[in-house]
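Number of protein chains: 2
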Amino acid sequence: MDLYPSRVSDKPSIMERKDPVVHRNNSMRGPLDEEQLSFYEKNGYLFFERFFSGEEVQVLRDELRRIWETNKHSDAKEIIREPESREIRSVFAVHRDYELFRQLSRNQRLLDIVQQILGSEVYIHQSRINYKQGFSGKEFYWHSDFETWHVEDGMPAMRALSCSISLEDNYHFNGPLMVIPGSHQYFISCVGETPEDHYEQSLRRQQYGVPDHDSLTWLVEKHGISTSTGPAGSVTLFDCNLMHGSNGNITPLPRSNVFFVYNSVENRLVQPFSGQKPRPEHIATRNFG
Amino acid sequence: MDLYPSRVSDKPSIMERKDPVVHRNNSMRGPLDEEQLSFYEKNGYLFFERFFSGEEVQVLRDELRRIWETNKHSDAKEIIREPESREIRSVFAVHRDYELFRQLSRNQRLLDIVQQILGSEVYIHQSRINYKQGFSGKEFYWHSDFETWHVEDGMPAMRALSCSISLEDNYHFNGPLMVIPGSHQYFISCVGETPEDHYEQSLRRQQYGVPDHDSLTWLVEKHGISTSTGPAGSVTLFDCNLMHGSNGNITPLPRSNVFFVYNSVENRLVQPFSGQKPRPEHIATRNFG
């Protein structure tokens, strides 16, 4: 049964979330206190300033540079380029292909927190490094990740979260992550159908699964907007259904981050709810463990 | 003699400013104290929170809406539209064509401050209303206004300033004005020549008089970036040579502002330093008073 139908109607609609946000489970105790859990429950995100040290960040940044250099002319499917240039925008499946990021995805301090929120063992549903260049970094329009993962990947319920590790200092002015706190409590059903193999374009520029203006205005009037700013090494955890996006960046200060999506092992993918064929393994993990 | 050559070389260069920033003149005393004058001198801008009241702003906003409505299908040269749509982006010469904005441009509290900084009587070199829509508002790339006014309009020296009156609340996340404090002390000479009648395109999307990446990086490393945020009715005054720009805006919150450029009567326009014909009167006033 499809609890969250989307891209099936020509009218957008807003429905209430049907899953818990924090999956409390006494056998999955963890480092977050009640205040942090309540904040996450209410707002849909948590921010940890300097979760990783300057030295740890430098190692990751060096590895990022190496990966960028190596893949400059690669036509591997894991490499996504900017819509209007050959610049690399994202590299997918880094937890699978690069030892350093494999280790990072299994960082125990991080896992303890993630498993406490999701109330079970977890696995990596998707991973990538994003690079937003200075001067002409493009915006990421508003979206709920879950909408896409549900429709295109067959993720049944809202029991996943994203972890964004910033590799650069994030300021208000260089296109930081913006979230609508509390928006994870609503599912915005988007209009339009999804074309086959749509993902090859959508990773470069989103055209389907785009929330409508009225719903976004309603959410922002109700809940406002928060931006995730702070020094490199900071971590933002956010619910899979939190509405988020980021503005472009004309400043000389580039942004890059590592992005891990953790899904509960009790929320394994089924057939995509679009009825279409699943997206490939480097975008949505089906085989693990 | 051209004190500030630009668009004449194929290499960018940085030179020091040759004009005072505050033109101290005992016969032009005004309301700013020494601390404010020093701040302006050093940083190139001043911010006045709630310079105009909520009621005053509402009247201006109503008039803006009326002007937008009236000009929806107008092909008047004063109306500038978005590069990728028919949406109105700016309306020029509002101090000339609309009584309310004529009065606003002569607001005595404002004029006293402007004349104190420029040390002389002033006139309006250019005026406009800018409207940056929500969801898809486009960025304005970095530029020094003076570079354009000098090359394309024949403004001889740096003795002018811009006054931006915000008609909406400006947040960090809806594409507010960004400035590089202190950048007004340097003139960035841009590369390339200016085609004839270039302005018709440049008001929609800048292609000439664009500072290079290295110079911008140098300025930002040296001076950082400040953003002008605050409630509607706030006023930002900034030097004609201050490097500024703004990011795009995917939030539902639109931005609009009234923009007056005051030039000293002792700095009247001469022939454009590009050697080309001057831009029209609604963009650069030659006949006044």
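Chains A and B, in that order, are what the protein sequence lines are.
According to UniProt numbering, the first sequence is numbered sequentially starting from 1.
According to UniProt numbering, the second sequence is numbered sequentially starting from 1.
C-beta: ideal position from N, C-alpha, C; glycine also.
task = Have a look at the DSSP bridge pairing and note the partners of B/Asp-239.
result = Looking up residue 239 of chain B in the second sequence gives position 239. The beta-bridge partner set that DSSP reports for B/Asp-239 consists of B/Leu-161.
is_contact[B/Leu-250, chain A] using C-beta, thresh 9 Å = Reading the second sequence from its first residue, position 250 is the one you call residue 250 of chain B. Per the sequence presented here, residue 250 of chain B reads as Ile, with Leu not at that position. Yes, B/Ile-250 lies at the interface with chain A (some Cβ there is under 9 Å from its Cβ).
task = Look up A/Glu-16 in the DSSP assignment and give the residues it is bridged to.
result = Here residue 16 of chain A corresponds to residue number 16 of the first sequence, with the count starting at 1. BP columns for A/Glu-16 point to A/Tyr-186.
query = Any C-beta of chain A sitting closer than 9 Å to the C-beta of B/His-213?
reply = Residue 213 of chain B sits at position 213 when you count from the first residue of the second sequence. Output row for B/His-213: interface = yes.
Strand pairing of A/Asn-257, partner residues [DSSP] = Within the first sequence, the letter at position 257 stands for residue 257 of chain A. In the DSSP assignment, the residues bridged to A/Asn-257 are A/Asn-130 and A/Ser-166.
query = Any Cβ of chain A within less than 9 Å of the Cβ of B/Glu-281?
reply = By one-based count along the second sequence, residue 281 of chain B stands at place 281. Chain A, which has no Cβ nearer than 9 Å to the Cβ of B/Glu-281, makes this no.
task = Please work out which residues of its chain come closer than 8 Å, Cβ to Cβ, to B/Cys-190, disregarding the five sequence neighbours upstream and downstream, and give them in chain order.
result = Counting from 1 along the second sequence, the entry for residue 190 of chain B is found at position 190. Ser-6, Arg-7, Pro-12, Glu-147, Tyr-208, Gly-209, Val-210, Pro-211 and Asp-212.
task = Spell out the partners DSSP gives B/Phe-92 in its beta bridges.
result = The residue labelled residue 92 of chain B in the question sits at position 92 within the second sequence. B/Arg-128, per the DSSP bridge assignment.
8 Å Cβ cut-off: residues of chain B touching A/Trp-142 = Within the first sequence, residue 142 of chain A is the residue found at index 142, counting from 1. A/Trp-142 reaches chain B at Ile-250, counting residues in chain order whose Cβ is nearer than 8 Å.
Anticipated Cβ contact below 8 Å, A/Leu-118 with A/Tyr-262, distance rounded = If you number the first sequence from 1, residue 118 of chain A lands on position 118. If you number the first sequence from 1, residue 262 of chain A lands on position 262. Going by Cβ atoms, the distance from A/Leu-118 to A/Tyr-262 rounds to 7 Å, so yes, they are a contact pair.
inquiry  = Is A/Met-243 close to chain B? Criterion is C-beta to C-beta, closer than 9 Å.
reply    = Translated into positions along the first sequence, residue 243 of chain A becomes position 243. No - not a single Cβ of chain B is within 9 Å of the one on A/Met-243.
query = Does the Cβ of B/Ala-160 lie closer than 8 Å to at least one heavy atom of the ligand NAP?
reply = Of the ligands one can find in the structure shown there are none, so the ligand NAP has no counterpart to examine.
query = If you measure from the beta carbon of B/His-184 to each beta carbon in chain A, is any gap under 9 Å?
reply = What you label residue 184 of chain B is simply residue 184 of the second sequence in a count that begins at 1. At a cut-off of 9 Å between C-beta atoms, B/His-184 does not count as an interface residue with respect to chain A.
message = Is there a Cβ of chain A sitting closer than 9 Å to that of B/Gly-134, yes or no?
response = Taking the first residue of the second sequence as position 1, residue 134 of chain B is located at position 134. It does; some Cβ of chain A falls within 9 Å.
Chain-ordered neighbours of B/Glu-139 on chain A, where CB pairs are closer than 8 Å = Position 139 of the second sequence, counted from the first residue, corresponds to residue 139 of chain B. Residues of chain A passing the Cβ test: Gly-248 and Ile-250.
task = Below 7 Å CB to CB, which residues in the same chain sit around A/Glu-87 once its five sequence neighbours on both sides are set aside?
result = Here residue 87 of chain A corresponds to residue number 87 of the first sequence, with the count starting at 1. Closer than 7 Å at the Cβ level, and outside the excluded window around A/Glu-87, lie Arg-81 and Gln-133.
ask   = Whose C-beta lies closer than 6 Å to the C-beta of B/Asn-71 among residues of the same chain, with five residues either side of it excluded?
value = Translated into positions along the second sequence, residue 71 of chain B becomes position 71. If we look at B/Asn-71 and ignore the five residues flanking it on each side, its Cβ neighbours are Ile-79.
task = Could you tell me whether the Cβ of B/Ile-225 comes closer than 9 Å to any Cβ of chain A?
result = Within the second sequence, the letter at position 225 stands for residue 225 of chain B. So yes, B/Ile-225 belongs to the interface.
task = Spell out the partners DSSP gives B/Gly-245 in its beta bridges.
result = For this step, residue 245 of chain B is matched to residue 245 along the second sequence. Answer is B/Met-178, bridged to B/Gly-245.
ask   = When the distance is taken between beta carbons, is A/Ile-250 closer than 9 Å to residue 290 of chain B?
value = Absent from the structure is residue 290 of chain B, since the part of chain B shown begins at 1 and ends at 289.
message = Looking at the secondary structure, which residues open and close the beta strand (DSSP E) in which B/Arg-61 lies?
response = Counting from 1 along the second sequence, the entry for residue 61 of chain B is found at position 61. Per DSSP, B/Arg-61 belongs to no beta strand (DSSP E); it is in the alpha helix (DSSP H), 54–70.
query = Who are the Cβ neighbours of B/Pro-31 in its own chain at under 8 Å, not counting the five residues just before and after it?
reply = Numbered from 1 along the second sequence, position 31 holds the residue referred to as residue 31 of chain B. Excluding residues within five positions, the ones whose Cβ falls inside 8 Å are Arg-109, Asp-112, Ile-113 and Gln-116.
Distance between A/His-150 and A/Arg-96 (C-alpha atoms, nearest Å) = On the first sequence, position 96 is the one that residue 96 of chain A refers to. On the first sequence, position 150 is the one that residue 150 of chain A refers to. If you take the alpha carbons of A/Arg-96 and A/His-150, they lie about 22 Å apart.
Option in B/Phe-101, B/Thr-227, B/Met-158 and B/Arg-50 with minimal Cα separation from B/Asp-62 = In the second sequence, the residue the question calls residue 62 of chain B occupies position 62. Closest in alpha carbon position to B/Asp-62, among B/Phe-101, B/Thr-227, B/Met-158 and B/Arg-50, is B/Phe-101.
query = Closer than 9 Å, CB to CB, is A/Val-220 near chain B or not?
reply = For the purposes of this step, residue 220 of chain A is taken as the residue at position 220 of the first sequence. Closer than 9 Å: yes.
query = Can you tell me the Cα-Cα spacing of A/Met-28 and A/Gly-175, whole angstroms?
reply = As a working note, residue 28 of chain A is residue 28 in the first sequence. As a working note, residue 175 of chain A is residue 175 in the first sequence. Computed Cα separation, rounded: 35 Å.
key: is_contact[A/Tyr-123, chain B] using C-beta, thresh 9 Å   = Position 123 of the first sequence, counted from the start, is the residue given in the question as residue 123 of chain A. With 9 Å as the cut-off, A/Tyr-123 does not count as an interface residue toward chain B.
query = Looking only at DSSP bridge pairs, what is A/Val-122 linked to?
reply = On the first sequence, residue 122 of chain A is found 122 positions in, with the first residue counted as 1. Bridge partners of A/Val-122: A/Ser-264.
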